[in-house]
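Visitor: Chains as they are written, first to last, in this note's numbering: chain A, 70 to 331; chain B, 70 to 331.
The structure is given below, and queries will be raised subsequently.
There are 2 protein chains.
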Amino acid sequence: MSRFGDATAVKRVGEGRYEAVLDGDFGFAEAVNGGYLMAVLDRAAVDASPHAHPVATSANFLRVAKPGRAELIVDSRKTGRTAATSLVTLVQDDRRIVDALVTTGTLDAATEPSWAGAPPVPAIPSLEECTDFTPGSGEGGFAEQVDMRFDRATMGWLDGRPSGTPEIRAWFRLRDPYEPDAFALALAVDALPPVVLNLGAQGWAPTVELTWHMRAVPAPGWLALHGGGRLLSGGWFDEGVEVWDSAGRLVAQSRQIARTGR
Amino acid sequence: MSRFGDATAVKRVGEGRYEAVLDGDFGFAEAVNGGYLMAVLDRAAVDASPHAHPVATSANFLRVAKPGRAELIVDSRKTGRTAATSLVTLVQDDRRIVDALVTTGTLDAATEPSWAGAPPVPAIPSLEECTDFTPGSGEGGFAEQVDMRFDRATMGWLDGRPSGTPEIRAWFRLRDPYEPDAFALALAVDALPPVVLNLGAQGWAPTVELTWHMRAVPAPGWLALHGGGRLLSGGWFDEGVEVWDSAGRLVAQSRQIARTGR
Numbered sequence: 070m071s072r073f074g075d076a077t078a079v080k081r082v083g084e085g086r087y088e089a090v091l092d093g094d095f096g097f098a099e100a101v102n103g104g105y106l107m108a109v110l111d112r113a114a115v116d117a118s119p120h121a122h123p124v125a126t127s128a129n130f131l132r133v134a135k136p137g138r139a140e141l142i143v144d145s146r147k148t149g150r151t152a153a154t155s156l157v158t159l160v161q162d163d164r165r166i167v168d169a170l171v172t173t174g175t176l177d178a179a180t181e182p183s184w185a186g187a188p189p190v191p192a193i194p195s196l197e198e199c200t201d202f203t204p205g206s207g208e209g210g211f212a213e214q215v216d217m218r219f220d221r222a223t224m225g226w227l228d229g230r231p232s233g234t235p236e237i238r239a240w241f242r243l244r245d246p247y248e249p250d251a252f253a254l255a256l257a258v259d260a261l262p263p264v265v266l267n268l269g270a271q272g273w274a275p276t277v278e279l280t281w282h283m284r285a286v287p288a289p290g291w292l293a294l295h296g297g298g299r300l301l302s303g304g305w306f307d308e309g310v311e312v313w314d315s316a317g318r319l320v321a322q323s324r325q326i327a328r329t330g331r
Numbered sequence: 070m071s072r073f074g075d076a077t078a079v080k081r082v083g084e085g086r087y088e089a090v091l092d093g094d095f096g097f098a099e100a101v102n103g104g105y106l107m108a109v110l111d112r113a114a115v116d117a118s119p120h121a122h123p124v125a126t127s128a129n130f131l132r133v134a135k136p137g138r139a140e141l142i143v144d145s146r147k148t149g150r151t152a153a154t155s156l157v158t159l160v161q162d163d164r165r166i167v168d169a170l171v172t173t174g175t176l177d178a179a180t181e182p183s184w185a186g187a188p189p190v191p192a193i194p195s196l197e198e199c200t201d202f203t204p205g206s207g208e209g210g211f212a213e214q215v216d217m218r219f220d221r222a223t224m225g226w227l228d229g230r231p232s233g234t235p236e237i238r239a240w241f242r243l244r245d246p247y248e249p250d251a252f253a254l255a256l257a258v259d260a261l262p263p264v265v266l267n268l269g270a271q272g273w274a275p276t277v278e279l280t281w282h283m284r285a286v287p288a289p290g291w292l293a294l295h296g297g298g299r300l301l302s303g304g305w306f307d308e309g310v311e312v313w314d315s316a317g318r319l320v321a322q323s324r325q326i327a328r329t330g331r
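Structure, rendered in structure tokens:
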């Protein structure tokens with residue numbers, strides 16, 4: 070296994086019941102990352118399903134998850150030949166932390182797309198031209214687990230010069246020897262800093278709801294993350310992420326609705 | 070009330086329990102439209118919530134809904150000051166038809182956006198330049214309820230000449246005297262023909278999962294629907310719809326994952 074594999078492992082303890090130990094290093098301060106939580110939820114959903122992949126995950130983040138023990142309850146809602154749906158709930162201290170509707174299916178890595186849209190424009194500059202703004206400090210935390218190389222044009226907010234456009238782009242991989250799979254994609258779709266930082270927003274931007282779709286089995290190597298948003302109004306903003314793999318394929322899509330302060 | 074108002078009405082029959090009568094005229098053949106079902110689900114969610122609007126609705130379509138009586142079960146998962154989340158299940162004949170996680174909140178119609186992206190390109194041609202391909206026949210059915218005027222450039226599939234690009238654009242309003250609101254938006258985000266018809270796909274394209282976000286209180290008048298997709302692979306396709314109101318504002322966003330035959 071690997072750090073990410075260990076950190077997202079679920080142990081079956083009964084019919085539709087799992088246990089996990091949430092790893093605080095996949096988070097910031099005391100809040101565990103939402104993508105990491107989805108990776109854990111999706112592992113439970115897939116384990117309880119006849120299908121191999123989390124094709125659709127709609128997660129509602131009800132409360133902040135803390136490092137430590139968690140229970141997962143997988144309530145099967147329908148099992149079909151092509152897809153199965155379950156309600157997966159992550160519980161800590163008898164409180165619901167995340168509710169997710171997860172549709173599992175089985176994607177064939179050998180499938181050629183019938184039709185594929187063009188990659189997003191602009192492309193992310195080469196790895197060499199990008200910057201690691203969050204180098205591993207040796208002190209643990211998210212940046213120790215994930216290697217991200219950012220398009221500098223989207224990182225002006227770090228220096229108090231937000232670009233004015235809610236976009237952030239970056240290369241992504243786990244520092245682990247862990248190649249992209251369904252669960253790494255769950256982490257990837259919520260790994261970028263909030264795109265509204267480029268609109269001058271500050272502070273924490275809690276995700277209320279995030280839906281992501283796994284579209285293909287990813288190739289080994291770096292993933293390209295293209296994050297953008299369409300509207301910030303009344304403290305609500307949307308953020309969509311497309312994830313492209315090293316073979317140039319769209320492998321995941323997400324959209325979340327989140328809150329921000331001023 | 071109105072036909073749409075009546076058809077989506079829910080009657081509270083107990084704590085978190087509602088009844089509705091599904092109107093077959095909001096559907097095609099014997100299948101009731103998914104957007105119509107979401108309008109019914111969202112009415113129940115809002116009725117059971119302290120908040121006024123369905124800010125996020127993630128619906129999983131488990132089985133085909135039939136016209137006639139349905140029960141709705143609203144299971145409150147968390148109630149907060151800014152938002153509340155519930156699991157809403159539509160049941161017919163003791164079988165789950167749709168499961169939806171619904172986050173309610175209250176949007177202020179007077180709020181000016183902090184930041185808004187540009188409207189989609191290309192714009193939809195004027196109403197006069199668009200075509201009503203599905204005129205009301207007087208025989209009932211979806212086209213009798215909804216007035217849609219299509220951008221002809223996106224309707225080649227009707228004549229066996231699919232455009233090759235999975236996009237469909239149309240103006241939308243209810244034929245009723247019923248101005249756009251949250252529930253009309255639920256109908257609108259799933260009202261377009263499947264965009265994969267422009268890739269040569271044929272037949273029914275059942276939605277597996279659809280998430281939509283209400284972003285603003287819509288102005289009276291026509292709604293503009295911009296539908297597009299990014300990938301068709303292994304029989305799975307995504308379809309996203311942006312809904313813009315007559316005041317030129319983004320009022321709803323959706324993405325669904327659906328199945329198609331060849």
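Glycine included, every Cβ here is placed at the ideal spot set by N, Cα and C.
Excluding the five sequence neighbours on either side, which residues of its own chain have a C-beta within less than 8 angstroms of the C-beta of B/Lys80, listed in chain order?
Guide: Here the set comprises Tyr87, Glu88, Ala89.
Visitor: Taking a cut of 8 angstroms between CB atoms, which residues from the segment 307-322 of chain A lie near chain B?
Guide: Asp307, Glu311, Leu319, Gln322
Visitor: Assuming contact is defined by CB atoms lying nearer than 7 angstroms, are B/Leu300 and A/Arg284 in contact in what I supplied?
Guide: With respect to the 7 angstroms criterion, B/Leu300 and A/Arg284 are classified as neighbours on the basis of their beta carbons.
Visitor: Using a Cβ-Cβ distance cut-off of 7 angstroms, determine whether A/Val101 contacts chain B.
Guide: no
Visitor: Of all the CB atoms in chain B, is at least one closer than 7 angstroms to the CB of A/Glu236?
Guide: no
Visitor: With 7 angstroms as the C-beta to C-beta threshold (strictly closer), list the residues of the segment 169-186 of chain B near chain A in chain order.
Guide: Answer set for the segment 169-186 of chain B: Leu170, Thr172, Leu176, Asp177, Thr180, Pro182, Ser183, Trp184, Ala185, Gly186.
Visitor: Starting from B/Met224 and walking both ways along the beta strand (DSSP E), at which residues does that stretch end?
Guide: Careful: B/Met224 lies outside any beta strand (DSSP E) and carries neither H nor E.
Visitor: By a C-beta neighbour count over all protein chains shown, 10 Å radius and 16 as the cutoff for buried, is B/Gln161 buried or exposed?
Guide: Buried is the call here.
Visitor: Mind checking if B/Glu84 is an interface residue toward chain A, Cβ cutoff 7 angstroms exclusive?
Guide: no
Visitor: If A/Trp305 sits next to B/Val124, beta carbons under 8 angstroms apart, how far is it from one beta carbon to the other, in whole angstroms?
Guide: 7 angstroms
Visitor: Between which two residues does the alpha helix (DSSP H) containing B/Glu213 stretch?
Guide: 211-214
Visitor: Run the CB neighbour count on B/Pro191, radius 10 Å, all protein chains shown included, and call it buried at 16 or more, exposed below.
Guide: exposed
Visitor: Measuring straight from C-alpha to C-alpha, what distance separates B/Ala114 and B/Thr148?
Guide: Each residue's alpha carbon lies about 12 angstroms from the other.
Visitor: When the Cα atoms are used, what is the spatial distance from A/Thr223 to A/Thr126?
Guide: 27 angstroms
Visitor: Taking the C-alpha atoms as reference points, what is the distance between B/Thr329 and A/Pro182?
Guide: 13 angstroms
Visitor: Using a Cβ cut-off of 8 angstroms, which residues of the segment 128-156 of chain B contact any Cβ in chain A, in chain order?
Guide: Asn129, Leu131, Arg132, Arg146, Lys147, Thr151, Ala152, Thr154, Leu156
Visitor: Can you find at least 3 beta carbon pairs, one from the segment 247-264 of chain A and one from the segment 103-111 of chain A, that sit closer than 8 angstroms?
Guide: yes
Visitor: In this structure, does DSSP put A/Val264 in helix, strand or coil?
Guide: In this structure, A/Val264 counts as helix in the three-state DSSP scheme.
Visitor: Please decide whether B/Arg284 counts as near chain A, where near means a Cβ-Cβ distance under 7 angstroms.
Guide: yes
Visitor: Roughly how many whole angstroms lie between the Cα atoms of B/Asp201 and B/Val277?
Guide: So the two alpha carbons sit approximately 28 angstroms from each other.
Visitor: Going by the CB atoms, is the gap between B/Asn129 and A/Thr154 shorter than 7 angstroms?
Guide: Closer than 7 angstroms, so yes.
Visitor: Could you tell me the boundaries of the alpha helix (DSSP H) in which A/Ala270 lies?
Guide: That residue, A/Ala270, is in no alpha helix (DSSP H); it is neither H nor E in DSSP.
Visitor: Taking the beta strand (DSSP E) that B/Leu301 falls in, what are its first and last residues?
Guide: It spans 300-302 - the beta strand (DSSP E) in which B/Leu301 sits, taken as one unbroken run.
Visitor: Short of 7 angstroms Cβ to Cβ, which residues in the segment 257-287 of chain B face chain A?
Guide: Listed by position, the residues of the segment 257-287 of chain B near chain A (Cβ gap below 7 angstroms) are Leu268, Val277, Glu278, Thr280, His282, Arg284, Ala285.
Visitor: Against chain B, with Cβ distances strictly below 7 angstroms, would A/Ile326 count as a contact?
Guide: yes
Visitor: Considering only the beta carbon of each residue, do B/Val101 and B/Ala117 sit closer than 7 angstroms?
Guide: Not closer than 7 angstroms, so no.
Visitor: Over the uninterrupted alpha helix (DSSP H) stretch that includes B/Gly115, give me the two end residues.
Guide: Contrary to the premise, residue 115 of chain B reads as Val rather than Gly in this sequence. Counting along the chain, the alpha helix (DSSP H) containing B/Val115 begins and ends at 103-116.
Visitor: Whole angstroms are fine: how far does the CA of B/Pro194 sit from the CA of B/Ala98?
Guide: 30 angstroms
Visitor: Need the endpoints of the beta strand (DSSP E) that A/Leu256 sits in, please.
Guide: That residue, A/Leu256, is in no beta strand (DSSP E); its alpha helix (DSSP H) goes 251-257.
Visitor: Is it right to say B/Gly93 is buried, meaning 16 or more other beta carbons lie within 10 angstroms of its own, or is it exposed?
Guide: buried
Visitor: As a quick exercise: from B/Pro263, B/Ser302, B/Ala253, pick the residue whose alpha carbon is nearest that of B/Asp314.
Guide: B/Ala253
Visitor: Looking only at its own chain, which residues have a Cβ that is under 6 angstroms from the Cβ of A/Ala178, when we skip the five neighbours before and after it?
Guide: Taken in chain order, the residues that qualify are Val286.
Visitor: Restricting to Cα atoms, I'd like to know which of B/Gly103, B/Asp163, B/His282 is closest to B/Thr64.
Guide: The structure shown does not extend to residue 64 of chain B, since chain B spans only 70 to 331, so no value can be given for it.
Visitor: In this structure, what does DSSP give as the bridge partners for A/Tyr87?
Guide: A/Arg81, A/Leu141
Visitor: Counting contacts by CB-CB distance shorter than 7 angstroms, is B/Ser232 in contact with chain A?
Guide: no
Visitor: Taking only runs that begin and end inside the segment 134-197 of chain B, name each unbroken beta strand (DSSP E) of 3 or more residues, in chain order.
Guide: 137-148, 153-161, 164-174
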